[in-house]
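> Numbering (the numbering used here), first residue to last: 101 to 377.
Every residue gets a Cβ at the ideal spot worked out from N, C-alpha and C, and that includes glycine.
Values in this document were obtained by computation on a predicted structure and should not be read as measured data.
(1) For residue 117, collect the residues of the same chain with a Cβ closer than 7 Å to its Cβ; drop the 5 residues on either side in sequence, then sort them by chain order.
(2) Indicate whether the contact test is met: 3 or more Cβ pairs, each with one atom in the segment 250 to 259 and one in the segment 214 to 234, closer than 8 Å.
(3) Rounded to whole angstroms, what's the CA-CA distance from residue 319 to residue 204? Just pull it up for me.
(4) By a C-beta neighbour count over all protein chains shown, 10 Å radius and 16 as the cutoff for buried, is residue 123 buried or exposed?
(5) Excluding the five sequence neighbours on either side, which residues of its own chain have a C-beta within less than 8 Å of the C-beta of residue 138, listed in chain order?
(6) Which same chain residues end up closer than 7 Å to residue 174 when comparing Cβ atoms and leaving out the 5 residues on each side of it in sequence?
(7) If you draw a straight line from the alpha carbon of residue 119 to that of residue 335, how long is it in whole angstroms?
(8) Around the C-beta of residue 101, are 16 or more other C-beta atoms found within 10 angstroms, so that it is buried, or is it exposed?
(9) Any heavy atom of the ligand NAD within a distance shorter than 6 Å of the CB on residue 374?
(10) Helix, strand or coil for residue 316? Go by DSSP, reduced to three states.
(11) At a cut of 8 Å, does the segment 254 to 261 reach the segment 213 to 225 through at least three beta carbon pairs?
(12) Since residue 366 and residue 333 should fall inside the 8 Å C-beta cutoff, what is the C-beta to C-beta distance between them, to a whole number of angstroms?
(13) To the nearest angstrom, how far is the alpha carbon of residue 323 from that of residue 376?
(14) Can you tell me the Cα-Cα spacing of residue 284 and residue 295, whole angstroms?
(15) Helix, strand or coil for residue 137, going by three-state DSSP, please let me know.
(16) Using C-beta distances below 8 Å, list every residue in its chain close to residue 352, excluding the 5 sequence neighbours before and after it, in chain order.
(17) Check each candidate in 171, 161, 182 and name the one with the smallest Cα separation from residue 150.
(18) Can you give, in chain order, each stretch of the beta strand (DSSP E) that sits fully within the segment 156 to 235 and has at least 3 residues?
(19) Which residue marks the beginning of the alpha helix (DSSP H) containing residue 330, and which one marks its end?
(20) Report the CB separation of residue 370 from residue 330 in whole angstroms; it is logged as a contact under 8 Å.
(21) Indicate whether residue 383 and residue 225 have their beta-carbon atoms separated by less than 7 Å.
(22) Measure the beta-carbon distance from residue 349 to residue 302 and round it to whole angstroms, keeping in mind my assumption that it falls under 8 Å.
(23) In this structure, does DSSP put residue 264 in helix, strand or coil?
(24) Return helix, strand or coil for residue 117, following the three-state DSSP convention.
(25) Between residue 147 and the rest of its own chain, which residues show a CB-CB distance below 8 Å, the 5 nearest in sequence each way excluded?
(26) So is residue 277 buried or exposed if we call it buried at 16+ other beta carbons inside 10 Å?
(27) Do you know whose CA, among 368, 355, 297, 115, lies nearest residue 327's CA?
(28) For residue 107, which three-state DSSP category applies?
(29) Under the rule that 16 or more other beta-carbon atoms within 10 Å means buried, what is residue 220, buried or exposed?
(30) Less than 7 Å between the beta carbons of residue 304 and residue 358, yes or no?
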């Protein structure tokens, strides 16, 4: 009986024989067998047919401390997290009357920009804190994440106050090097706005990018697929302003967000290539 899935939510190959087995089973049912998978909160699983004595010590203690050693899953959920029931009900799903359809989702990214002890990146004068910084680690507990965010912000602020003036030259050099790239980027934006197309292809492009990431870069991956998808995306980024079509200037921000998404995806794919090689 697997108990820890609730707070061992990241997929982890180290937990294949434990909570992450659930992810593999659900994935297999949906994406390989083409079935739908549901959680039914109205009935206990067969392994609880003789009560709660068969639970592991940790599971039994958890439910005991939550005053939830009774009833069906929906009864325990009502005691432990009634807002969850209300949330689904507000979206038309009554857990008292029907099962809840589930799938495996790529939800969080535990990682980001490499920083030093002062949360400064490899670009001097540029700091990253919170989830933008690669400081949380794979097994990020929520409390540690909050502490890391607050400590990182303070350390960065103190370091900026202490050393900021000495970095003006490096920052100015960075700005100077960036100016040419920014000018080119703005020229491309103006050009895009000047060639309005009869139809927009932004939604189609975004859907395609999302499907590729979900298919090849979630918890089931291969280095070969990652390398191929990254190469495709790099090619798309290089010819982005030639490929993208908008009908009116109001769609430009949406197009630029799509470009930012593409850059982020390429960064993720690059990191996975490094981690897997």
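Reading off the structure:
(1) Here residue 117 refers to the residue found at position 17 when the chain shown is read from its first residue. Result list for residue 117: empty, nothing under 7 Å.
(2) yes
(3) Residue mapping note: residue 319 aligns to position 219 of the chain shown, counting from 1. Residue mapping note: residue 204 aligns to position 104 of the chain shown, counting from 1. Between residue 319 and residue 204, the C-alpha separation is close to 9 Å.
(4) Here residue 123 is taken as the residue at index 23 of the chain shown, counted from 1. Per the 10 Å Cβ criterion, buried.
(5) In the chain shown, counting from the first residue as 1, residue 138 sits at position 38. So the qualifying residues of the chain are 199, 200, 201, 202.
(6) Here residue 174 refers to the residue found at position 74 of the chain shown. Cβ within range, chain order: 141, 142, 195, 196.
(7) Locating residue 119 in the chain shown gives position 19, where the first residue counts as 1. Locating residue 335 in the chain shown gives position 235, where the first residue counts as 1. Near 38 Å, if we compare the C-alpha coordinates of residue 335 and residue 119.
(8) Within the chain shown, numbered from 1, the residue matching residue 101 stands at position 1. Exposed is the call here.
(9) The ligand NAD is not among the ligands present in this structure, which contains no ligands whatsoever.
(10) Sequence index remark: in the chain shown, residue 316 carries index 216 (1-based). In this structure, residue 316 counts as helix in the three-state DSSP scheme.
(11) yes
(12) Translated into positions along the chain shown, residue 366 becomes position 266. Translated into positions along the chain shown, residue 333 becomes position 233. About 5 Å; that satisfies the 8 Å criterion.
(13) Locating residue 323 in the chain shown gives position 223, counting from the first residue. Locating residue 376 in the chain shown gives position 276, counting from the first residue. Approximately 7 Å between the Cα atoms of the pair.
(14) Taking the first residue of the chain shown as position 1, residue 284 is located at position 184. Taking the first residue of the chain shown as position 1, residue 295 is located at position 195. Distance between the alpha carbons of residue 284 and residue 295: 17 Å.
(15) Within the chain shown, the letter at position 37 stands for residue 137. Residue 137 falls in the strand class under three-state DSSP.
(16) Residue 352 sits at position 252 when you count from the first residue of the chain shown. 289, 292, 293, 346.
(17) The residue you call residue 150 lines up with position 50 of the chain shown. Among 171, 161, 182, the Cα nearest to that of residue 150 is on 171.
(18) 200 to 202
(19) On the chain shown, position 230 is the one that residue 330 refers to. Run containing residue 330: 323 to 338, per the alpha helix (DSSP H) assignment.
(20) Counted from its first residue, the chain shown places residue 370 at position 270. Counted from its first residue, the chain shown places residue 330 at position 230. Right, their Cβ atoms sit about 7 Å apart.
(21) Residue 383 lies beyond the stretch modelled for the chain, which goes from 101 to 377, so this question has no answer here.
(22) Against the chain shown, residue 349 aligns to sequence position 249. Against the chain shown, residue 302 aligns to sequence position 202. Not quite, the Cβ-Cβ distance comes to about 13 Å (not below 8 Å), so this is no contact.
(23) For the purposes of this step, residue 264 is taken as residue 164 along the chain shown, with counting starting at 1. Reduced to three states, the DSSP call for residue 264 is helix.
(24) Here residue 117 refers to the residue found at position 17 of the chain shown. Coil, per DSSP.
(25) Locating residue 147 in the chain shown gives position 47, counting from the first residue. Once the five neighbours on either side are set aside, the close Cβ partners of residue 147 are 101, 154.
(26) Taking the first residue of the chain shown as position 1, residue 277 is located at position 177. It counts as exposed.
(27) Taking the first residue of the chain shown as 1, we reach residue 327 at position 227. Nearest C-alpha to residue 327: 368.
(28) Numbered from 1 along the chain shown, position 7 holds the residue referred to as residue 107. Residue 107: coil per DSSP, three-state reduction.
(29) Position 120 of the chain shown, counted from the first residue, corresponds to residue 220. When all chains shown are included, residue 220 counts as buried.
(30) Taking the chain shown and counting its residues from 1, the one referred to as residue 304 is at position 204. Taking the chain shown and counting its residues from 1, the one referred to as residue 358 is at position 258. Not in contact: residue 304 and residue 358 (Cβ atoms no closer than 7 Å).
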